[in-house]
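This report concerns only the one structure given below.
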Amino acid sequence: MLRLVVAKTRDLAIGLALISAVSFVPVSITADWPQSAQSAMAIAREVRTLLVEVGGDLTRVAGDWLGSTGAEFVNAGGALLSDALQGADGIDLGIQLPGLGDLLPDPNALFGDLIGDLIGDWWPHPTLPAGGGDLPHVAGSFSKAKELLYDRVYRGHRVTAYCGCTYNRKRSVDLASCGLDGYADNARARRVEAEHVFPAAQFGNFRRCWRQPEAYRACRGAAGALLSGRECCLRVDETFLAAHNDLQNLIPAVGMINGDRRDYRWGMAPGGQRYGDCGIRIDSGGRRVQPPDALRGDIARIMLYMRDTYGFRLSRQDERLFEAWSNLDPVDAWELKRHARIARLQGRENGYVVESTD
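Here the numbering used here is used: the first residue of the sequence shown is 56, the next is one more, and so on.
Listed below in structure tokens is the structure:
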């Protein structure tokens with residue numbers, strides 16, 4: 056029981072301290088935030104004021120009780136604490152204390168959705184286990200990567216990439232929100248899936264573990280069954296694992312469209328299959344996919360990032376296409392926020408997004 060009380064007290068103290076730190080964000084910055092976020096900031100500032108008042112009262116009581124010597128000690132400690140809080144504005148705790156994220160609970164679980172979503176971008180994230188060195192730090196499993204994609208990267212922006220469909224916490228797609236009502240009977244259309252922009256099959260086909268899993272002792276299951284090329288590479292190829300779980304390469308998509316897209320290449324496909332009001336076109340005969348106009352730059356910058364980060368091959372024709380798409384569809388506010396969240400998690404930026412905003 057004592058350990059539980061201590062743990063709860065610690066969580067409360069950490070939470071109050073972080074709320075106080077967030078409250079120092081200048082009003083000039085929060086003025087353009089949504090009303091709900093501004094309301095949360097007002098609450099945070101009230102909490103900070105209350106803490107200061109309570110802290111002052113406690114300091115005075117303790118000073119009277121301890122006498123002159125004790126009072127001097129407490130006041131000095133209060134001044135140090137005040138200085139620390141004043142200097143908290145702008146500090147990224149995840150950078151200052153890189154191991155802190157492994158010790159802290161999820162902000163949504165600790166504070167609830169409103170405050171948790173507000174401070175989520177400043178909350179220190181646990182260090183991801185895979186990659187490192189010349190590779191980004193990524194999740195050690197695809198299931199964990201999907202969890203990060205939905206709960207961290209697309210927090211507050213539950214919208215599928217290709218069609219702009221909204222989806223809920225259970226990852227169920229609202230087909231009526233994006234003109235896909237006609238696919239309501241398709242079970243896969245009703246769920247959101249994590250789509251690889253640069254298909255795993257495209258970069259996996261160049262790796263031995265994908266083509267010859269039988270050559271690896273580690274690529275056999277407990278009963279001796281041979282793993283698939285994908286599963287084998289995830290087990291024995293660190294570069295493949297990092298690329299496969301890289302959040303820069305993952306976007307939420309309507310499951311049915313993710314399935315129809317397969318591992319087709321990006322390009323122009325004006326005669327491809329249409330999906331209600333959705334802007335994507337899929338030409339299964341030509342194995343080409345034409346993304347919506349507003350997503351072409353995003354896709355182009357992801358493809359070029361994957362080429363540079365992992366040494367994957369792109370044809371000269373594809374490189375010219377992606378360069379053109381990147382120029383025609385510049386970085387927007389959501390792409391910039393998505394990129395910032397992923398960069399904090401993985402410790403690696405997409406230079407094509409950063410350069411486009413300079």
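Beta carbons: idealized from backbone N, C-alpha and C, even for Gly.
Quiz item: From GLY366 to ILE69, what does the alpha carbon distance come to, in whole angstroms?
Solution: Within the sequence shown, numbered from 1, the residue matching residue 366 stands at position 311. Within the sequence shown, numbered from 1, the residue matching residue 69 stands at position 14. Going by the C-alpha atoms only, they are around 42 Å apart.
Quiz prompt | Proximity of LEU235 and PRO307 at Cβ, strictly below 9 Å | solution = Along the sequence shown, one-based indexing puts residue 235 at 180. Along the sequence shown, one-based indexing puts residue 307 at 252. Cβ atoms of LEU235 and PRO307: not closer than 9 Å.
Quiz item: Just checking my contact of VAL252 with ASN313 at CB under 8 Å: how many whole Å lie between their CB atoms?
Solution: Stepping through the sequence shown from its first residue, residue 252 is reached at position 197. Stepping through the sequence shown from its first residue, residue 313 is reached at position 258. So it is not a contact: roughly 11 Å between Cβ atoms.
Quiz item: In terms of residues, what are the limits of the beta strand (DSSP E) holding ARG343?
Solution: As a first step, residue 343 is located in the sequence shown; it is residue number 288 there, counting from the start. Element bounds for ARG343: 343-345.
Quiz item: Which residue spans inside the stretch 177-255 form an unbroken alpha helix (DSSP H) run of at least 4?
Solution: Residue ranges of uninterrupted alpha helix (DSSP H) with 4 or more members, entirely inside the stretch 177-255 and ordered along the chain, are 197-203.
Exercise. Measure the beta-carbon distance from HIS299 to ALA239 and round it to whole angstroms, keeping in mind my assumption that it falls under 8 Å.
Key: For the purposes of this step, residue 299 is taken as the residue at position 244 of the sequence shown. For the purposes of this step, residue 239 is taken as the residue at position 184 of the sequence shown. 32 Å between Cβ atoms; not a contact.
Exercise. Look up GLN267 in the DSSP assignment and say whether it is helix, strand or coil.
Key: The sequence position of residue 267 within the sequence shown is 212, counting from 1. Note: GLN267 maps to coil in three-state DSSP.
Quiz prompt | Reference ARG362, options ASP301, LEU383 and GLY331, closest by Cα | solution = Counted from its first residue, the sequence shown places residue 362 at position 307. Selected option, being the one with the closest Cα: ASP301.
Self-check item: Contacting residues, own chain, Cβ-Cβ under 6 Å from TYR222 (five flanking each side not counted)
Solution: For the purposes of this step, residue 222 is taken as the residue at position 167 of the sequence shown. Only ARG213, VAL228 and VAL247 meet the Cβ criterion.
Self-check item: Rounded straight-line distance, which links the Cα of ARG375 to that of GLY276
Solution: Translated into positions along the sequence shown, residue 276 becomes position 221. Translated into positions along the sequence shown, residue 375 becomes position 320. Their backbone Cα atoms lie some 43 Å apart in a straight line.
Practice problem: With DSSP as the reference, label LEU350 as helix, strand or coil. | Solution: For the purposes of this step, residue 350 is taken as the residue at position 295 of the sequence shown. Helix.
Quiz item: How many whole angstroms separate the CB atoms of ARG266 and GLY284, which I take to be in contact at a CB cut-off of 8 Å?
Solution: In the sequence shown, the residue the question calls residue 266 occupies position 211. In the sequence shown, the residue the question calls residue 284 occupies position 229. That pair is a contact at about 7 Å.
Practice problem: Flag this pair as yes or no: are the beta carbons of CYS274 and GLU293 separated by less than 9 Å? | Solution: Position 219 of the sequence shown holds residue 274. Position 238 of the sequence shown holds residue 293. Not closer than 9 Å, so no.
Quiz item: Leaving out the 5 sequence neighbours to the left and right, which residues in its chain are closer than 8 Å to ALA324 when beta-carbon positions are compared?
Solution: Here the question's residue 324 lines up with position 269 in the sequence shown. Setting aside the 5 residues that flank it on each side, ALA324 is surrounded in the same chain by ARG336, ILE337, ASP338, GLY341, ARG343, VAL344 and GLN345, each with a C-beta closer than 8 Å to its C-beta; the list follows chain order.
Practice problem: Round the Cβ separation of CYS333 and CYS264 to the nearest angstrom and send it over; I've been treating them as touching at under 8 Å. | Solution: The residue labelled residue 333 in the question sits at position 278 within the sequence shown. The residue labelled residue 264 in the question sits at position 209 within the sequence shown. Contact flag wrong, Cβ pair sits at about 35 Å.
Practice problem: Indicate the three-state DSSP secondary structure (helix, strand or coil) for ARG336 in the structure shown. | Solution: Here residue 336 is taken as the residue at index 281 of the sequence shown, counted from 1. Of the three classes helix, strand and coil, the one that applies to ARG336 here is strand, per DSSP.
Quiz item: Helix, strand or coil for TYR319 per DSSP?
Solution: For the purposes of this step, residue 319 is taken as the residue at position 264 of the sequence shown. DSSP places TYR319 in coil when its eight states are reduced to three.
Self-check item: Outcome for PHE295 when other beta-carbon atoms lying within 10 angstroms are tallied against a minimum of 16
Solution: On the sequence shown, residue 295 is found 240 positions in, with the first residue counted as 1. It is buried - the Cβ of PHE295 has at least 16 other Cβ atoms within 10 Å.
Quiz prompt | Coil, strand or helix - ARG403 by DSSP | solution = Taking the sequence shown and counting its residues from 1, one reaches residue 403 at position 348. In this structure, ARG403 counts as coil in the three-state DSSP scheme.
Quiz prompt | Own chain partners of GLN328 with C-beta closer than 8 Å, once the 5 adjacent residues on each side are dropped | solution = Position 273 of the sequence shown, counted from the first residue, corresponds to residue 328. Once the five neighbours on either side are set aside, the close Cβ partners of GLN328 are ASP315, ARG336, ILE337, ASP338 and SER339.
Self-check item: Unbroken alpha helix (DSSP H) run spanning ARG290, endpoints
Solution: Within the sequence shown, numbered from 1, the residue matching residue 290 stands at position 235. Start and end: 284-291.
Quiz item: CA-CA distance, ALA297 and GLY195?
Solution: The residue given as residue 297 occupies position 242 in the sequence shown. The residue given as residue 195 occupies position 140 in the sequence shown. Each residue's Cα considered, the two are about 8 Å apart.
Practice problem: Classify TRP380 as buried or exposed, calling it buried when 16 or more other Cβ atoms lie within 10 Å of its own Cβ. | Solution: As a first step, residue 380 is located in the sequence shown; it is residue number 325 there, counting from the start. Counting Cβ neighbours within 10 Å, TRP380 comes out buried, since at least 16 surround it.
Self-check item: Range covered by the alpha helix (DSSP H) that runs through ALA273
Solution: By one-based count along the sequence shown, residue 273 stands at place 218. Careful: ALA273 lies outside any alpha helix (DSSP H) and carries neither H nor E.
Quiz item: By DSSP, does ALA388 sit in helix, in strand, or in coil?
Solution: As a working mapping, residue 388 is identified with position 333 in the sequence shown. In this structure, ALA388 counts as helix in the three-state DSSP scheme.
Quiz item: From GLY331 to GLY237, what does the alpha carbon distance come to, in whole angstroms?
Solution: Translated into the one-based positions of the sequence shown, residue 331 becomes position 276. Translated into the one-based positions of the sequence shown, residue 237 becomes position 182. If you take the alpha carbons of GLY331 and GLY237, they lie about 8 Å apart.
Self-check item: Other residues of its chain near ASP353: CB distance less than 6 Å, five sequence neighbours each side excluded
Solution: Indexing the sequence shown from 1 puts residue 353 at position 298. GLU390, listed in sequence order.
Quiz prompt | DSSP state of LEU369 mapped onto helix, strand, coil | solution = For the purposes of this step, residue 369 is identified with residue 314 of the sequence shown, where counting begins at 1. Three-state result, LEU369: coil.
Quiz prompt | Where the beta strand (DSSP E) through ALA308 begins and ends | solution = Translated into positions along the sequence shown, residue 308 becomes position 253. Unbroken beta strand (DSSP E) run through ALA308: 305-309.
Quiz item: What is the rounded straight-line gap between the Cα of GLN257 and the Cα of ARG320?
Solution: Against the sequence shown, residue 257 aligns to sequence position 202. Against the sequence shown, residue 320 aligns to sequence position 265. Each residue's CA atom was taken as its position, placing GLN257 and ARG320 some 9 Å apart.
Quiz item: Helix or strand or just coil, what does DSSP make of ARG375?
Solution: One-based indexing of the sequence shown puts residue 375 at position 320. Helix, per DSSP.
Quiz item: Going by DSSP, what residues sit across from GLY328 in a beta bridge?
Solution: Reading the sequence shown from its first residue, position 273 is the one you call residue 328. Reading off the sequence, residue 328 comes out as Gln, not Gly. Answer is ILE337.
Practice problem: Give a yes or no on whether the C-beta atoms belonging to LEU281 and ARG290 are separated by under 9 Å. | Solution: The residue given as residue 281 occupies position 226 in the sequence shown. The residue given as residue 290 occupies position 235 in the sequence shown. In this structure, ARG290 does not lie closer than 9 Å to LEU281 by Cβ.
Exercise. Assign PHE377 to buried or exposed, taking buried as 16 or more other Cβ atoms, counted over all protein chains shown, within 10 Å of its Cβ.
Key: The sequence position of residue 377 within the sequence shown is 322, counting from 1. So PHE377 counts as buried.
Self-check item: Local Cβ density within 10 Å of ALA355, reported as buried at 16 or more and exposed below that
Solution: The residue you call residue 355 lines up with position 300 of the sequence shown. Under the 10 Å beta carbon count, ALA355 is surrounded by 16 or more other beta carbons and is classified as buried.
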